[in-house]
Each structure stands twice: as structure tokens, then as C-alpha cells.
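According to the working numbering, the residues represented by the sequence shown are 1 to 221, in order. Yeah, the Cβ is synthetic: ideal placement off N, Cα and C, and Gly gets one too. Keep in mind it's a predicted model, so treat the numbers as computed, not measured. This report concerns only the one structure given below.
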Amino acid sequence: MTLPPGQRALDNFPRFGTHLHHPPPPIPDHPTIEITGPLPTPLTLTTADLAQLPRREQDADFHCVAGWSATGLRWAGTPFEPLYRTLVAPLLDPTAPITHISFTGLDGYYSIAHLDDALAADVLIADHLDGHPLTPDHGAPLRLVSPSQYGYISTKHLSRITFHTTEPPVPDRWSPIAGHPRARVWHEERNRYLSGRLVRPLYHRLIEPIRKLSAKGSTTA
Ligand SMILES: Nc1nc2c(c(=O)[nH]1)N[C@H]1C(S)=C(S)[C@@H](COP(=O)(O)O)O[C@H]1N2
Ligand SMILES: [Mo]
Numbered sequence: 001m002t003l004p005p006g007q008r009a010l011d012n013f014p015r016f017g018t019h020l021h022h023p024p025p026p027i028p029d030h031p032t033i034e035i036t037g038p039l040p041t042p043l044t045l046t047t048a049d050l051a052q053l054p055r056r057e058q059d060a061d062f063h064c065v066a067g068w069s070a071t072g073l074r075w076a077g078t079p080f081e082p083l084y085r086t087l088v089a090p091l092l093d094p095t096a097p098i099t100h101i102s103f104t105g106l107d108g109y110y111s112i113a114h115l116d117d118a119l120a121a122d123v124l125i126a127d128h129l130d131g132h133p134l135t136p137d138h139g140a141p142l143r144l145v146s147p148s149q150y151g152y153i154s155t156k157h158l159s160r161i162t163f164h165t166t167e168p169p170v171p172d173r174w175s176p177i178a179g180h181p182r183a184r185v186w187h188e189e190r191n192r193y194l195s196g197r198l199v200r201p202l203y204h205r206l207i208e209p210i211r212k213l214s215a216k217g218s219t220t221a
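This is how it looks when you write it as C-alpha cells:
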């Protein structure tokens, strides 16, 4: 098994992120994803709308920018690219091309991806992990999964997708560590300003303290 540069395999998949001092947000009775941006009107997708779109199961490893990887995960859900092509692209103004997409979670977290990265064939709106509905720890009811990018792009508890024609401001929570805007794991794009190789040992040192926090805030651990 080959991991991207600077990653170490864990034998489990921890709850991780910038939100560990809070429990995961409650799962809504009727989950929706709001689609906003330069559209004539915003769209609200229900799980029934998502069920009309193609579905895919996909095996992938998950790589956190801090340097841990969870291997052999099996995700299932709606591939993002056909959702974009069929529901969103026809409503867009062709003279104002989309450059970035932001993904917001019910906990207020959000990530920003370049359009091209978000439209990669392996990007899913997942609702299942390893044959079971997503747990709150791992992003219930729906989460983005972009396995070719560091985990901070893969917003959990996904509730809003916003299309942008210029790069939106970096989320506050990420500005101190300046996550790389592309976050491609095979390019080791960990940091916006510093080389991934250089920050690697520093980031590795964050893993254990963050995992300890995770054990406290998690609903299952
Ligand atoms: N809503 C939300 N999504 C999030 C985060 C978060 O704090 N809140 N953290 C991100 C980070 S940094 C990582 S590594 C992964 C962790 O996913 P996991 O908790 O399923 O391991 O979620 C990402 N998505
Ligand atoms: Mo992360």
C-alpha cells in the first residue's frame, strides 16, 4: 500500500478536525443541501433529490493534513460532478465562470475548493461509510469526500454549497495554519506559503494532542 508523501497509516479512523471541543451537530429530520451563488434563485436539495442522481461506491484512503491516513474506507453517495453538470451548470451565467466552490457544514465549518478539484471524478457527497449510514462523528447526515485532497476540504455535516466567481475569503479557523488552496495530497500541498515537506514534522506533532481532544468530544469513543 502506497501512501502520499509524509503520511502515516492509522489502524482506525478518528474523529478529527477543528471542532472537537463541540459534540457533532444533531441530525436534522429532513436533511437538505442549499445551493447558493450566482443563480437566479437558490436551490434546496432534499435527500429525495439526491436519490434521483447517479450513485457510486468507492474505496479510498483519507488523508489529514496533519499527517495521518485512514486506509481502505468504503464510501457511498452521490458523485459531485454529475450533480453540478445537471442541476447547477445550466443555471449559471456563461460569461461569469465559476472558479471556486465552498462547502459549509451544520457546525459552521467551511472549506473552499477550486472548481477543477471539486469536479474530480472521486469527489462524492457521501451518506454511507463501510456499509452503514454516516455516524455523527464522521459527518452525518451527508459529507463531502474528496480523497485526493487533504481532509480539511471534506466538510462534514454538509448543508450548503456555494459557487463563486472569485476566490472567497479563507475561513477564520484555517487562517492561522493557512491551508493550501488546492490541498492535493500527491503534491503534498499542506500549506499556502510553506512547502509541505517543511511543515510536515510540525504538523505531525499536532496529531496526538488533537486525537486526545477527539476522544473527549466524540459520541462513540
Ligand atoms: N463540519 C466539519 N467538517 C470537517 C472538519 C470540521 O471540523 N467540521 N474538520 C476537517 C478536518 S481537518 C478533517 S481531517 C476531517 C476529519 O474527518 P473525520 O472526523 O471523519 O475523521 O474533517 C474535515 N471536515
Ligand atoms: Mo485535518
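DSSP beta-bridge partners of residue i
| i | result |
| --- | --- |
| Y110 | T104 |
| R8 | W68 |
| E57 | A76 |
| V145 | L124 |
| I161 | I35 and F103 |
| F62 | A70 |
Under the three-state DSSP convention, the category residue i falls into
| i | result |
| --- | --- |
| H132 | strand |
| G139 | coil |
| H187 | helix |
| T32 | strand |
| T47 | helix |
| G179 | strand |
| A118 | helix |
| D93 | coil |
| T86 | helix |
Assumed close pair residue i, residue j - CB separation to whole angstroms, cut-off 8 Å
| i | j | result |
| --- | --- | --- |
| A126 | A76 | 7 Å |
| P31 | P54 | Going by Cβ atoms, the distance from P31 to P54 rounds to 19 Å, so no, they are not a contact pair. |
| H180 | R192 | 5 Å |
Own chain, CB closer than 6 Å to residue i, minus 5 neighbours either side, in chain order
| i | result |
| --- | --- |
| P14 | R211 and S214 |
Neighbourhood of residue i by C-beta, 8 Å cutoff - its chain only, sequence neighbours within 5 removed
| i | result |
| --- | --- |
| T104 | Y110, T155, L158, S159, R160, I161 and T162 |
| E167 | T99, H100, I112 and P181 |
| I27 | P136, A140 and P141 |
Residues near residue i by beta carbon distance below 7 Å, same chain, minus five either side
| i | result |
| --- | --- |
| A178 | N191, R192 and Y193 |
Could you check whether the stretch 134-149 touches the stretch 93-102, counting it as contact only if at least three pairs of C-beta atoms, one from each stretch, sit closer than 8 Å?
By the Cβ rule, the stretch 134-149 does not count as touching the stretch 93-102, because fewer than three pairs are nearer than 8 Å.
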